[in-house]
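For reference, the structure discussed in these notes is given below.
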Amino acid sequence: MNVIRQFVKNTIPAVIPRKLYIVHGDVNQCDSAPDANCGNTHSKPLINIAFTFDDGPHLEITPQLLDVLQKHEQQATFFVIGEKARKYPQLIERIVSEGHELGNHTLTHSEPAQTSTRDFLDEIQQTDQILEQITGRKANLVRPPKGKLNLGKLLGLWRQRRTVVLWDTDPRDYLMSDNSEIISWCQNYQPVSGNFCLMHDNHPYAIEAVRQLSECQHTRIQSLAVSHWLEKKTQHSTRTKQACA
Ligand SMILES: [Zn+2]
1 MNVIRQFVKN
11 TIPAVIPRKL
21 YIVHGDVNQC
31 DSAPDANCGN
41 THSKPLINIA
51 FTFDDGPHLE
61 ITPQLLDVLQ
71 KHEQQATFFV
81 IGEKARKYPQ
91 LIERIVSEGH
101 ELGNHTLTHS
111 EPAQTSTRDF
121 LDEIQQTDQI
131 LEQITGRKAN
141 LVRPPKGKLN
151 LGKLLGLWRQ
161 RRTVVLWDTD
171 PRDYLMSDNS
181 EIISWCQNYQ
191 PVSGNFCLMH
201 DNHPYAIEAV
211 RQLSECQHTR
221 IQSLAVSHWL
231 EKKTQHSTRT
241 KQACA
């Protein structure tokens with residue numbers, strides 16, 4: 001079963017337009033950060049990735065995360081839960097006003113296996129309405145809870161021309177119990193241009209991860225919002241692979 005799932009996971013991104021389904025940025029796509037040009041202006045090679053944060057906003061953690069993103073001039077995508085967005089609209093406003101991007105992570109984060117297609121799409125729509133009330137616009141990006149979709153849910157999202165966003169890099173911060181674990185992960189992480197990194201802002205370790213990766217000694221890791229990776233810009237590749245130890 002796992003073999004089939006792995007096959008589907010690897011095959012879909014290869015045959016489906018990125019506007020409909022994206023797991024990582026194109027390794028051949030060298031996007032330019034606002035102050036950079038593919039690493040030429042800095043001694044350290046530039047690697048563009050995407051920090052993505054799920055399951056927030058959280059009253060205490062999200063503001064700290066936004067502070068550290070701002071300090072290091074990193075741009076991220078927050079896949080928010082509709083109920084929490086409704087509870088903390090000020091955090092949604094702050095995420096947007098500081099240049100980050102919003103994605104839809106359903107209304108309640110209901111268990112995929114126990115949620116019908118109709119209920120799933122209804123949760124997406126209700127979250128749309130909440131985000132639209134707060135920001136004036138819908139979030140077109142959707143990340144299903146646990147990254148799990150069946151065919152009906154996938155087709156339902158595609159009928160709405162939504163972009164399904166998964167990830168290729170997972171520190172499993174939600175299983176960690178100490179900052180030393182995320183520091184160790186960051187030191188061993190070998191970033192590759194286009195990585196989509198899954199973290200959570202209902203757990204505290206993403207804060208230290210952003211700090212560690214932003215201060216990487218060997219490479220300049222610049223996070224860009226997911227939508228940057230949906231724009232077609234094919235230039236020379238950034239293939240540097242270097243751990244941050
Ligand atoms: Zn989630």
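Going by full-length UniProt numbering, the sequence shown opens with residue 1, and the numbers climb by one from there.
All residues carry an ideal CB built from backbone N, CA and C; glycine is no exception.
Ile-16 and Arg-161 have their C-alpha atoms spaced approximately 13 Å apart. By alpha-carbon distance to Pro-171, the top candidate from Gly-156, Glu-208 and Leu-141 is Glu-208. Close CB contacts of Ile-95 within its chain, under the 6 Å cut and outside five residues either way in sequence, are with Phe-78 (chain order). The C-beta of Leu-155 has fewer than 16 other C-beta atoms within 10 Å across all chains shown, which makes the residue exposed. Residue pairing by DSSP places Ile-47 opposite Ile-221 in a beta bridge. Contact check for Ala-85 against Ile-134 passes: the beta carbons are separated by less than 8 Å. Beyond the five residues adjoining it in sequence on each side, Phe-120 comes within less than 6 Å, by CB distance, of Lys-153 in the same chain, given in chain order.
C-alpha of Gly-56 to C-alpha of Thr-11: approximately 30 Å in a straight line.
With at least 16 other beta carbons inside 10 angstroms of its own, Ile-92 counts as buried.
Separation of Ser-193 and Asn-48 (C-alpha to C-alpha, rounded to the nearest whole angstrom) is 5 Å. For the set Pro-204, Gln-187 and Val-23, the Cα lying nearest the Cα of Thr-169 is the one of Val-23. Beta bridge pairing from DSSP links Asn-104 with Val-80 and Val-142. Looking at the backbone, the Cα of Asn-195 and that of Pro-144 are separated by about 19 Å.
With a cutoff of 8 Å on beta-carbon distance, Thr-127 and Leu-230 are scored as not near each other.
Close CB contacts of Ala-225 within its chain, under the 6 Å cut and outside five residues either way in sequence, are with Gln-75, Thr-77 and Glu-101 (chain order).
The secondary-structure analysis by DSSP pairs Asp-54 across a beta bridge with Phe-79 and His-200. Pairing Leu-151 with Gln-217, the inter-Cα distance amounts to about 43 Å.
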